[in-house]
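End of the sequence shown = 1204 in my numbering, gap-free, step of one. Okay, structure first, notes after.
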Amino acid sequence: YKGVPMLSVPYADDFESMDYFGTNIVDKGWELGAPTGTVISSAYSPATAWKTNLDGTYANSQTNVLYTPVFDFINAYNAQLKFQHWYDTDTLDGGYVQYTNNGGITWNNLGVINDPSGTNWAPDYVNTGYGWSGHSGGWVESSIDLSAFNFNPFGVQFRFIFFSNSIGSNGDGWAIDNFEIYIPQA
């Protein structure tokens, strides 16, 4: 995890002030700012979000990766991940979430398709993952249980992957806002 901050859980980020997320640099890839696309035309709250190409459609044949900071789960018990997102994609394109708990040596898909431990979690197959494809019709919330990482002292990092194939028409892509890892009250 060289150069990536390790932050404690619970954690919340609405992307309005200090931002610890990072991205691979790809034309029309992830950008932080005020979305002004034809479909995805605003952030969830208040003004900024991460979106694939803030002011337009995404490009064909891309894999855009948005990395979170590394999270310390040493004092976390039954944490949950939740975020707001808006997607507008061709049926074969879309986004999914992966995690690593070994410094990025291996990345694994987070959850399974329609994961029973989540809400609105990964209803579609996307490339090599389970995620979101098509049209959400506005901002929606997705969440998933992270209890597999209970008391993990080694750090867990997540990444949002947006994949597009080489064919078809493209929409506005995928926007992420109000990312949160929280610990439910007993």
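We put the CB at the ideal spot given by N, CA and C, even for glycine.
Handout entry: Close beta carbons around isoleucine 1123, own chain, < 8 Å, minus the five adjacent residues each side
Key = As a first step, residue 1123 is located in the sequence shown; it is residue number 105 there, counting from the start. Excluding residues within five positions, none has a Cβ falling inside 8 Å.
Practice task
Determine the DSSP secondary structure at serine 1184, reduced to helix, strand or coil.
Solution key: The residue given as residue 1184 occupies position 166 in the sequence shown. Serine 1184: coil per DSSP, three-state reduction.
Practice task
Thinking threonine 1066 and alanine 1052 are a contact (beta carbons under 8 Å), I'd like their distance in whole angstroms, please.
Solution key: Reading the sequence shown from its first residue, position 48 is the one you call residue 1066. Reading the sequence shown from its first residue, position 34 is the one you call residue 1052. Right, the Cβ-Cβ distance comes to about 6 Å (below 8 Å), so this counts as a contact.
Handout entry: Any 3 or more C-beta pairs closer than 8 Å across the stretch 1168-1175 and the stretch 1094-1109
Key = Three or more beta-carbon pairs drawn from the stretch 1168-1175 and the stretch 1094-1109 are found closer than 8 Å, and the two stretches are therefore classed as touching.
Practice task
Leaving aside the five residues before and after asparagine 1082 along the sequence, list all residues of the same chain whose C-beta is less than 6 Å from its C-beta, in chain order.
Solution key: Here residue 1082 refers to the residue found at position 64 when the sequence shown is read from its first residue. Result list for asparagine 1082: Val1044, Gly1047, Trp1048, Thr1070 and Phe1180, in chain order.
Exercise for the section: Would you list the one or two residues that DSSP bridges to glutamate 1049? Expected result: Within the sequence shown, numbered from 1, the residue matching residue 1049 stands at position 31. As a beta-bridge residue in DSSP terms, glutamate 1049 pairs with Lys1069.
Exercise for the section: Tell me whether serine 1026 sits in a helix, a strand or coil according to DSSP, three-state version. Expected result: The count along the sequence shown starts at 1 and reaches residue 1026 at position 8. Three-state DSSP puts serine 1026 in a strand.
Practice task
Kindly indicate which residue of Asn1127, Val1022, Val1130 and Asp1108 has the alpha-carbon position closest to the one of histidine 1153.
Solution key: As a first step, residue 1153 is located in the sequence shown; it is residue number 135 there, counting from the start. Nearest C-alpha to histidine 1153: Asp1108.
Practice task
Throw me the rounded Cβ distance for the glutamate 1034 and lysine 1100 pair, which I believe falls under 8 Å.
Solution key: Taking the sequence shown and counting its residues from 1, one reaches residue 1034 at position 16. Taking the sequence shown and counting its residues from 1, one reaches residue 1100 at position 82. Actually they are not in contact, since the Cβ atoms of glutamate 1034 and lysine 1100 sit about 17 Å apart, beyond 8 Å.
Handout entry: Classification of threonine 1146 by the beta-carbon crowding that lies within 10 angstroms, buried from 16 upward
Key = For this step, residue 1146 is matched to residue 128 along the sequence shown. Threonine 1146 should be labelled exposed.
Problem - N-terminal and C-terminal residue of the beta strand (DSSP E) that proline 1087 is part of - result: Here residue 1087 is taken as the residue at index 69 of the sequence shown, counted from 1. For proline 1087, the uninterrupted beta strand (DSSP E) segment begins and ends at 1080-1090.
Exercise for the section: Please list the segments of the beta strand (DSSP E) lying wholly inside the stretch 1133-1170, counting only runs of 3 or more residues, in order along the chain. Expected result: Counting only runs that start and end inside the stretch 1133-1170, the beta strand (DSSP E) elements of at least 3 residues fall at 1142-1144, 1147-1150 and 1158-1163.
Exercise for the section: Below 8 Å on the Cβ atoms is my guess for glycine 1189 versus tryptophan 1150; work out the distance and round it to an integer in Å. Expected result: Taking the sequence shown and counting its residues from 1, one reaches residue 1189 at position 171. Taking the sequence shown and counting its residues from 1, one reaches residue 1150 at position 132. At roughly 12 Å, the Cβ-Cβ gap does not stay under 8 Å, so glycine 1189 and tryptophan 1150 are not in contact.
Exercise for the section: Below 8 Å CB to CB, which residues in the same chain sit around serine 1079 once its five sequence neighbours on both sides are set aside? Expected result: Here residue 1079 refers to the residue found at position 61 when the sequence shown is read from its first residue. Contacts found: Ser1182, Asn1183 and Ser1184.
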